[in-house]
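Asks: Heads up: the protein sequence lines correspond to chains R, V and A, in order.
All residue numbers for the first sequence refer to this note's numbering, where the first residue is 1 and numbers rise by one.
All residue numbers for the second sequence refer to this note's numbering, where the first residue is 1001 and numbers rise by one.
All residue numbers for the third sequence refer to this note's numbering, where the first residue is 2001 and numbers rise by one.
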Amino acid sequence: MVPLSYYLALSAVLFILGTAGFALRRNIITIFMCIELMLNAVNLALIAFSRFLSDLGGQLFVFFVIVVAAAEATVGLAIIIALYRNHESLSVDKLDSMKL
Amino acid sequence: MAQFAEAHFFLIESVVKIIVVLFVLLTAVAYVVWLERKVVARIQSRWGPYWVGPHGLLQPLADGLKFLFKEDIVVQDADKVIYWMAPFLAFTLAFLSIAVIPFGGSFQLFGHTIQLQITDLNVGLLYVFAVTSLGVYSIALAGWSANSKYPLFGGLRSSAQMISYELSLGLGVVGVLMISGTLSLRGVVTPQVGFWHIAGIPFLPRWNVFRQPLGFLVYFIAAIAETNRIPFDLPEGETELVGGFHTEYSSFKFAMFFIAEYANMVTVSCLATLLFFGGWLGPLFGPYWLRVILPVIWFCLKVFCFLFFYIWMRGTLPRFRYDQLMAFGWKVLLPLGFLNVLGTSFVIAWLHS
Amino acid sequence: MAILFYIFAAVAVIAGLNVVLQRRPVYSALWLIVVLCALAVEYLLLGAVFMAFIQIIVYAGAIMVLFVLVIMLLNAHHEEPTHGSQFAQWLGAPLVVALLVEIGVAVWSWPGAAHVNPPPLRAGPKSVGDLLFHQYVLPFEVTSALILVAILGAVVLARKES
């Protein structure tokens, strides 16, 4: 079987891709998707730990992460729709009405 | 050496099963289309296809040829990659779920036990739900990529409709899963063997539909909505949206959507048969080979009844309005599904205490 | 089995790169679905059968459909080229590499990471369900409240003001 460190490395690479996308992209929906990518990287690490430490608890953590991600997606996308209605744009650069 | 032969046998067995099942499924799809045209025609006091072959029996072949030779029009402003991908996705996903559907018991051949099923997954039902839940993309993306307003409306409607009704589809099945305690589609049939007796006389087969009538109703209505059939065919409602999500598709790509829709109908009917109507169970008699063949025939007969019901409904019912469809899904079907799960769990807890 | 890990790891990384690099949100979303499916296969390889299917049904089949639906609804075609944020352009890449190195060192210097042969683990729907409804029943109930709040929040936020 592939050692645990390989799974952790894959998870780290995906997480960093998500972080990079979060910092580089300007479209708010894409940024949101990069967050989902980061969540998934963490899920992979949790499942790998659960397997190699023989503890099902890790898988239940993933279960809860998915549930929370669903809740987060509904609210987040609703916020994006509301934002689009008010600003007619999805670019985060233009959403600066809270700036001094 | 023995292990090597075993692996070879497994490989050959799998390939033969896949080819046979795919061939049967494709033929079945073609003739369901023929059956639909015939039955709907009789419901509307017409004759239906009659010219190609006796009783129009070669009509599916003629239709297929026509689809192949029509000009393939690609819309100018379409998103080319996704526009090409969507029909292939629909086609593939429609045929993936048949892999876990058992259509008979098992039999002995050259000292091997052969199961009449491509593969028996112990989470078969989850697999089918996973595949059907991905089916939304093909329709949503087909609607979006054509860059045209009617397909876009069809695609948006269908994504909303399919997400809404997927919940009820799952909830309708939960009751059966609680009774049988397995997610394997083969395992779900086993508890349905035998009869209920009244005064020592076999009275009713132990099919799940008699224990879970509400669950079956919820499942079947949701299944019709999932396959986009009348009275839930809003995504392609031709009188209001031209052709819905596949308005801009022509020729072979259109045929792929068409085949996918009917393949989905067959899958959903197979699932209903397995979960609620005892699968391949039925009276058995005669020599060994007949006892192997008969279950397959019972299974096909039951599936055929469901397909006929689908067509019958198409000839009878008008289409929902969109707000009615959403209200029905969320305010009627979903609460009924929850009620069924709750009731079943109380009964099971009461029986166990 | 090992070869499957490498194939799907490569698929996940390539798809992940595309999520970040594609200019159109729809393509990003589609590549993200590919990542999700590749990760589901990795879960299967790790024996987490139930979570693999939940990943596809809930994540790829419901959450990502919402994303695609919103992208279609808002007709988000191209991303507008950015003018601000010089910081991200010049410091972003070095910081990413630094983070990668840091995590790599942390993983490789940890003795537990070389684990190769774990004891077998039963992770079917039954054992996951047992654990969920006994030991973790309180978090489970709390998440149901969370989902209710999320539904209400989404309805309030997305409703048109009359």
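Where a beta carbon is used, it is the ideal one built from N, C-alpha and C, also for glycine.
Treat the numbers as computed from the prediction; the structure is a model and nothing was measured.
1. With C-beta atoms as the reference, is residue 47(R) less than 8 Å away from residue 2043(A)?
2. By DSSP's criteria, residue 3(R) is part of a beta bridge. Which residues make up the other side?
3. Within 10 Å of its beta-carbon, does residue 1376(V) have 16 or more other beta-carbons around it, so buried, or fewer, so exposed?
4. Specify whether the segment 1063 to 1073 of chain V and the segment 1117 to 1134 of chain V touch according to this definition: at least 3 beta carbon pairs, one from each stretch, less than 8 Å apart.
5. Secondary structure at residue 2031(A), three-state DSSP: helix, strand or coil?
6. The beta strand (DSSP E) spanning residue 1115(V) covers which residue range?
7. Residue 1051(V) by DSSP, collapsed to three states: which one?
8. Which residue from 1260(V), 1179(V), 1050(V) and 1254(V) puts its Cα closest to that of residue 1091(V)?
9. I'd like to know whether the C-beta atoms of residue 2072(A) and residue 1140(V) end up nearer to each other than 8 Å.
10. Scan the segment 20 to 71 of chain R and note each continuous alpha helix (DSSP H) run of 4 residues or more that stays entirely inside, going in chain order.
11. Give the interface partners of residue 2028(A) over in chain R, defined as CB-CB distance under 7 Å, in chain order.
12. Could you name the residues of the segment 1113 to 1124 of chain V whose beta carbon sits closer than 8 Å to any beta carbon of chain A, in the order they occur along the chain?
13. Can you tell me the Cα-Cα spacing of residue 1144(V) and residue 2064(A), whole angstroms?
14. List the residues of chain A whose Cβ lies closer than 7 Å to the Cβ of residue 1129(V), in chain order.
15. Secondary structure at residue 1196(V), three-state DSSP: helix, strand or coil?
16. Starting from the Cα of residue 67(R), find the closest Cα among 2022(A), 2144(A) and 2027(A) and give me that residue.
17. Cβ closer than 8 Å: which chain A residues qualify as neighbours of residue 1307(V)?
18. Nearest to residue 1343(V) by alpha carbon, out of 1248(V), 1253(V) and 1176(V)?
19. Tell me which residue opens and which closes the beta strand (DSSP E) that residue 1138(V) is part of.
20. When you compare only the Cα positions, how much space is there between residue 1128(V) and residue 1120(V)?
21. Based on Cα-Cα distance, which residue from 1335(V), 1311(V) and 1300(V) lies nearest to residue 1037(V)?
22. Which whole-angstrom value describes the C-beta separation of residue 1223(V) and residue 1169(V), a residue pair presumed to lie in contact below a C-beta threshold of 8 Å?
23. What residues of chain R sit near residue 2090(A), judged by a beta carbon separation below 8 Å?
24. What's the C-alpha gap between residue 2016(A) and residue 1044(V)?
25. Counting only the same chain and skipping the five closest in sequence on each side, list residues whose C-beta sits under 6 Å from that of residue 1292(V).
26. Is residue 29(R) buried or exposed, if buried means 16 or more other CB atoms sit within 10 Å of its CB?
27. Using alpha carbons as the reference points, say which of 1313(V), 1345(V), 1325(V) and 1337(V) lies closest to residue 1157(V).
28. Would residue 1156(V) count as contacting chain A if we go by Cβ distances under 8 Å?
29. By the three-class DSSP mapping on this structure, what secondary structure does residue 1168(V) have?
30. Residues of the segment 2132 to 2146 of chain A in Cβ contact with chain R at a cutoff of 7 Å, in chain order, please.
31. DSSP state of residue 2151(A), grouped into three classes?
32. What residues from chain V crowd round residue 2124(A), counting only those whose CB sits closer than 8 Å?
33. In chain R, which residues lie less than 7 Å from residue 2127(A) when you measure between Cβ atoms?
34. Less than 8 Å between the CB atoms is what I'm expecting for residue 2040(A) and residue 59(R), so what's the real figure, rounded?
35. Which same chain residues, not among the five before or five after residue 1298(V), have their C-beta less than 6 Å away from its C-beta?
36. Which one or two residues does DSSP pair with residue 1107(V) in a beta bridge?
Replies: This is what the structure holds:
1. yes
2. Paired residue(s): none; residue 3(R) is not in a bridge.
3. This structure does not reach residue 1376(V), given that chain V is present from 1001 up to 1353, and the question cannot be answered.
4. no
5. helix
6. 1112 to 1115
7. coil
8. 1260(V)
9. yes
10. 28 to 52
11. 30 and 33
12. 1122 and 1123
13. 15 Å
14. 2057
15. strand
16. 2144(A)
17. Those do not exist, as residue 1307(V) stays about 25 Å from chain A at its closest Cβ, beyond 8 Å.
18. 1176(V)
19. First-last for residue 1138(V): 1124 to 1145, but that is the alpha helix (DSSP H), not the beta strand (DSSP E).
20. 12 Å
21. 1311(V)
22. 6 Å
23. Near residue 2090(A) there are no residues of chain R at all, since even the closest Cβ is about 12 Å away, more than 8 Å.
24. 54 Å
25. 1107
26. buried
27. 1325(V)
28. yes
29. helix
30. 2132, 2136, 2139, 2143 and 2146
31. helix
32. 1122 and 1123
33. 56
34. Not a contact, Cβ separation roughly 13 Å.
35. 1280 and 1282
36. 1114(V)
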